[in-house]
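Counting from 1 along the sequence shown, just add 5 to a position and that's the residue number in this note's numbering.
The beta-carbon is built from N, C-alpha and C at its ideal position, and this holds for glycine as well.
In this text, all values refer to a predicted model and were calculated from it rather than measured experimentally.
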Amino acid sequence: MPEPIPHLWEIDHPYYCNEGNFYKIGLHDVYASWGDFEEAWGDADHDLNLVFRWDWQRDSGEFLEEGETPGPDILKVFWVLQRKAIIRSTECTVTEADEPAVKAWLADRAKTMAAIWEPFGVATEAGERDDD
Numbered sequence: 006m007p008e009p010i011p012h013l014w015e016i017d018h019p020y021y022c023n024e025g026n027f028y029k030i031g032l033h034d035v036y037a038s039w040g041d042f043e044e045a046w047g048d049a050d051h052d053l054n055l056v057f058r059w060d061w062q063r064d065s066g067e068f069l070e071e072g073e074t075p076g077p078d079i080l081k082v083f084w085v086l087q088r089k090a091i092i093r094s095t096e097c098t099v100t101e102a103d104e105p106a107v108k109a110w111l112a113d114r115a116k117t118m119a120a121i122w123e124p125f126g127v128a129t130e131a132g133e134r135d136d137d
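Here it is in structure tokens:
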């Protein structure tokens, strides 16, 4: 039985991804909430709008001055709009209460990425890895 997925804010992906697109300014949209993001991108075509990375960022508070409070959690989603070969990104403010909906949305998107790499046995189901 696979181990449960940790909280999304506990996952630290290797390396990082810059927002937007190096070759074209303006390909990064910011949404005030998960609901606003989901309204804009929730049902976007999975093949045309391929999610290749996501990061749930939480302010560690490490660089805060005394009396300052950490900023909100931010979900960054990185996309390839495959038909036109456009790299872009989005971000939205999220809360811990949003996590189940975010997990479900990401798991659904992961199925598309898994299908692309399926011949290599990288993933058989969203969230399940084959380490052989």
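Top-ranked residue by Cα proximity to residue i, from the options
i     : options                       : result
Asp60 : Met118, Cys22, Ala102, Ala119 : Cys22
Glu44 : Cys97, Ala112, Glu101         : Cys97
Phe57 : Gly126, Thr117, Phe125        : Thr117
Tyr36 : Ile92, Asp113, Leu80, Phe125  : Leu80
Proximity of residue i and residue j at Cβ, strictly below 8 Å
i      : j      : result
Val82  : Leu13  : no
Ser94  : Gly25  : yes
Ala119 : Val127 : yes
Asp34  : Gln87  : no
Under the three-state DSSP convention, the category residue i falls into
i      : result
Tyr36  : strand
Pro127 : Before going further, note that residue 127 is Val rather than Pro in the sequence given. Residue state, collapsed to three classes: coil.
Asp48  : coil
Arg93  : strand
Thr98  : strand
Leu13  : helix
Asp136 : Any reading at Asp136 must be qualified, since the residue scores a pLDDT of 41, below 50, and its modelled position is unreliable; the value itself is stated next. Of the three classes helix, strand and coil, the one that applies to Asp136 here is coil, per DSSP.
Ile121 : helix
Leu55  : strand
Leu80  : strand
Per-residue burial, residue i [other beta carbons within 10 Å of its own, 16 or more giving buried]
i      : result
Val99  : buried
Asp103 : buried
Leu69  : exposed
Trp122 : exposed
Arg134 : Note that Arg134 scores 41 on pLDDT, short of 50, meaning its location in the model is unreliable; the coordinates nonetheless yield the value given after this. Per the 10 Å Cβ criterion, exposed.
Nearest-angstrom beta carbon gap, residue j and residue i [assumed within contact, 8 Å]
i     : j     : result
Asp55 : Val85 : For clarity, residue 55 is Leu in the given sequence; the question names Asp instead. Going by Cβ atoms, the distance from Leu55 to Val85 rounds to 5 Å, so yes, they are a contact pair.
Gln62 : Asp78 : 7 Å
Asp64 : Gly47 : That pair is no contact at about 26 Å.
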